[in-house]
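**Q** This is the structure, below, for whatever I ask next.
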Amino acid sequence: MAVRQRAVTTLPNLMRSLRKGSPKAAPNQPLPSLRYTDTGFTVNGVQYEGSLLCIGNLLLSWTPKKFSEITPNCLSIFQLVRPIPEILILGCGRYIEPVNPELRQFIRSTGMKLEAIDSRNAASTYNILNEEGRIVAAALLPYGVSS
89 MAVRQRAVTT LPNLMRSLRK GSPKAAPNQP LPSLRYTDTG FTVNGVQYEG SLLCIGNLLL
149 SWTPKKFSEI TPNCLSIFQL VRPIPEILIL GCGRYIEPVN PELRQFIRST GMKLEAIDSR
209 NAASTYNILN EEGRIVAAAL LPYGVSS
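Shown next, in the form of structure tokens:
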């Protein structure tokens with residue numbers, strides 16, 4: 089009985105001290121600001137070499153080196169990500185490339201729309217849509233890549 093009584097008096101004190109000492113919520117990370125280079129991208133002043141996958145404010149190195157290497161498998165993360173971005177901006181490199189039907193169907197199956205454009209315009213479009221507060225993703229090949 090003494091242990092129970094001690095717990096009953098200690099618990100409110102513990103709760104009160106936790107409320108006082110609770111850390112403040114961390115501020116949201118700033119949304120990335122993409123700039124393209126011939127070999128990669130600069131994001132918020134940090135240089136990244138190679139292809140890049142951007143989902144909101146999450147940045148990932150991406151394996152495809154040229155447009156023909158982009159498959160549903162290398163975009164499979166979009167089967168897991170929530171909330172689902174409303175649009176995927178596909179940066180094709182220096183020139184716009186036609187998207188094969190299998191890849192287009194996969195992207196539609198995730199609930200996203202697809203915009204395939206050159207990487208220079210893809211980075212710009214991603215920045216604009218992010219600034220508007222839209223949920224957007226970009227899969228970008230470096231601008232210097234051409235098929």
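Positions in the sequence shown are counted from 1; adding 88 to them yields my numbering. All residues carry an ideal CB built from backbone N, CA and C; glycine is no exception. Predicted model, so just to flag it, every value in this text is computed and none were measured.
Report the option in I158, L141, T125, I177 whose CA atom is closest to the CA atom of R222.
**A** I177
**Q** Relative to the C-alpha of L147, which candidate in P160, S164, P120 has its C-alpha closest?
**A** P120
**Q** For Y136 and G144, which I take to be in contact (beta-carbon distance under 8 angstroms), what is that distance rounded to the nearest angstrom?
**A** That pair is no contact at about 16 angstroms.
**Q** State the DSSP-derived secondary structure class of T151, mapped to helix, strand or coil.
**A** The three-state reading of DSSP puts T151 in coil, since its state is none of H, G, I, E or B.
**Q** Roughly how far, in whole angstroms, is the beta-carbon of F155 from the beta-carbon of E185, given that I think they are within contact range, below 8 angstroms?
**A** Between E185 and F155 the Cβ distance is about 5 angstroms, and since that is below 8 angstroms, they are a contact.
**Q** P173 to K201, Cα distance in whole Å?
**A** Whole-angstrom Cα-Cα distance: 9 angstroms.
**Q** Does DSSP classify Y130 as helix, strand or coil?
**A** This sequence places Thr at residue 130; Tyr is not what is there. T130: strand per DSSP, three-state reduction.
**Q** Identify which residue in I175, W150, A227, T125 has its Cα closest to the Cα of T198.
**A** Of I175, W150, A227, T125, the residue nearest in Cα terms is I175.
**Q** Considering just the uninterrupted stretch of the beta strand (DSSP E) at E190, what are its terminal residues?
**A** Taken as a continuous stretch (DSSP letters only), E190 belongs to no beta strand (DSSP E), being part of the alpha helix (DSSP H) at 189-197.
**Q** Can you give me the C-alpha to C-alpha distance between V224 and N215, rounded to a whole angstrom?
**A** 10 angstroms
**Q** Report, in whole angstroms, the separation of the C-beta atoms of S207 and C180, which I expect to be a contact under 8 angstroms.
**A** 7 angstroms
**Q** Quick check: A211 and L141, are their CB atoms within less than 8 angstroms of each other?
**A** no
**Q** Quick check on L229: buried or exposed, where buried means 16 or more other Cβ atoms within 10 Å of its Cβ?
**A** buried
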